[in-house]
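Asks: Here it is: the structure, laid out below.
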Amino acid sequence: MIPLKDDIPSARLPIVTIALVAINCLVYLYLKSLGGEGYESALFRLGTIPYEITQGVELNPGNAFPVPLTLFTAMFLHGGFLHLAGNMLYLWIFGDNIEDRLGHVKFFIFYILSGMAASLLFVLTSPQSQIPMVGASGAIAGVLGAYMITFPKARILTLVFFGFFIRVTPIPALFLLGFWFLFQLLYALPSIGSTSSGVAFFAHVGGFLAGIVLFKILTLFSKKRYYYA
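Going by numbering that gives the first Met the number 0, the residue at position 10 of the sequence shown is 9; the numbering climbs one at a time, nothing skipped.
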C-alpha cells in the first residue's frame, strides 16, 4: 500500500516540513556528487553504527563528528533514490498536519527527538552491528504515530496492490498506519541482535512509539483544543 494524499488540509504553510524535505534532498544530491566511494564513505562516517555507540569506539578515525552526534546526522542520509523518495512522500503527506497541531518550533523538536529515539532503539536491539543505519524513516515514523492518534478517521487516498490488480481507495488513517506499525513490529522481532544489512525495522517501531509519547507531552499544556470527526 502506498499513500498518495490525505483529506486534512493544512491551516498554514508547513515551512518546517518543506524545509526538512528540501534538506534531505539536497544532502542526498550533494553526497551523490562525491562519487561512489565518497558517497559510501559519508554513510559510514555520518550514519549511526551501533557498535560505535555501545562500545564507545570510532571505526572510522578522523571523523569530524563525534560518534554520539551520528544519532542526529543519520536521519538526513539515505541509501538510494527510492529510499529517499519513499521517506519524503510519507513526510509530505503526514508532516504538515502534525506541524499544524504542534506549531513550527515544537514540530521540529518533535521530529528530531523521534528520530534520535528511533536510532537509540535500533542500537539497543543490534548493539554489535558495524553497519551504519541511515534514513529519515525513524523520525517520520514518529510523525505517523502522532498522526494516527490525532487524525484516526482521516481518509488516506492509497494505492493498493491486489496481485496484478491496482486500485486507488481511501483508507482510514487508523487502519492504514496501524497496519503499517504491526508490519514493522512483526518484522522487527526476528531481527533482534542482527549484524547484517537490511531494513532497520526497530528504528521504525521506536520512532512510532516515541512519536506518540512525545506528541502527548508536547500538547499536554497546549491552550488550543481540537476535535476532528
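Note that the Cβ used here is the ideal one computed from N, Cα and C, for glycine as well.
1) Can you give the Cα-Cα distance for residue 39 and residue 45, rounded to whole angstroms?
2) For the alpha helix (DSSP H) that residue 13 lies in, which residues bound it at each end?
3) Compare the C-alpha of residue 114 against each of 71, 43, 218 and 165 and name the closest.
4) Tell me which same chain residues have a C-beta within less than 8 Å of the C-beta of residue 228, skipping the five on either side of it?
5) Taking C-beta to C-beta, are residue 177 and residue 117 nearer than 8 Å?
6) Excluding five sequence neighbours on each side, which residues of the same chain lie with their C-beta closer than 7 Å to the C-beta of residue 92?
7) Three-state secondary structure (DSSP) at residue 7?
8) Am I right that residue 87 and residue 24 are in contact with their C-beta atoms under 8 Å? What's the rounded C-beta distance?
9) What's the C-alpha gap between residue 199 and residue 187?
10) Three-state secondary structure (DSSP) at residue 74?
11) So, residue 213 versus residue 102, is the Cβ gap smaller than 8 Å?
12) State the Cα-Cα distance for the pair residue 183 and residue 156, rounded to the nearest angstrom.
13) Run the CB neighbour count on residue 165, radius 10 Å, all protein chains shown included, and call it buried at 16 or more, exposed below.
14) Could you round the C-beta distance between residue 99 and residue 190 to whole angstroms and report it? I think they count as a contact, below 8 Å.
15) Could you compute how far the alpha carbon of residue 172 sits from the alpha carbon of residue 56?
Replies: According to the structure data:
1) Stepping through the sequence shown from its first residue, residue 39 is reached at position 40. Stepping through the sequence shown from its first residue, residue 45 is reached at position 46. Those two C-alpha atoms are separated by around 10 Å.
2) Residue 13 sits at position 14 when you count from the first residue of the sequence shown. Note, residue 13: premise wrong, no alpha helix (DSSP H); not H, not E.
3) On the sequence shown, residue 114 is found 115 positions in, with the first residue counted as 1. The shortest C-alpha separation from residue 114 is found at 71.
4) Counting from 1 along the sequence shown, the entry for residue 228 is found at position 229. Residue placement at residue 228 is poorly supported in this model, since its pLDDT is 41, which falls under 50; the coordinates are not used for a value here.
5) Within the sequence shown, residue 177 is the residue found at index 178, counting from 1. Within the sequence shown, residue 117 is the residue found at index 118, counting from 1. Against a cut-off of 8 Å, the Cβ pair of residue 117 and residue 177 comes out as no contact.
6) As a position in the sequence shown, residue 92 is number 93, starting the count at 1. Only 2, 4 and 5 meet the Cβ criterion.
7) Along the sequence shown, one-based indexing puts residue 7 at 8. It is coil, neither helix nor strand.
8) Position 88 of the sequence shown holds residue 87. Position 25 of the sequence shown holds residue 24. Right, their Cβ atoms sit about 7 Å apart.
9) Stepping through the sequence shown from its first residue, residue 199 is reached at position 200. Stepping through the sequence shown from its first residue, residue 187 is reached at position 188. About 8 Å.
10) By one-based count along the sequence shown, residue 74 stands at place 75. The answer is helix: DSSP assigns residue 74 an H, G or I state.
11) Numbered from 1 along the sequence shown, position 214 holds the residue referred to as residue 213. Numbered from 1 along the sequence shown, position 103 holds the residue referred to as residue 102. Against a cut-off of 8 Å, the Cβ pair of residue 102 and residue 213 comes out as no contact.
12) For the purposes of this step, residue 183 is identified with residue 184 of the sequence shown, where counting begins at 1. For the purposes of this step, residue 156 is identified with residue 157 of the sequence shown, where counting begins at 1. Roughly 21 Å separates the two Cα atoms.
13) Working through the sequence shown from its first residue, we reach residue 165 at position 166. Classification of residue 165: exposed, given that the 10 Å Cβ count is below 16.
14) As a working note, residue 99 is residue 100 in the sequence shown. As a working note, residue 190 is residue 191 in the sequence shown. No, residue 99 and residue 190 are not in contact; Cβ-Cβ is about 34 Å, not under 8 Å.
15) As a first step, residue 172 must be located in the sequence shown, where it is residue number 173. As a first step, residue 56 must be located in the sequence shown, where it is residue number 57. Those two C-alpha atoms are separated by around 42 Å.
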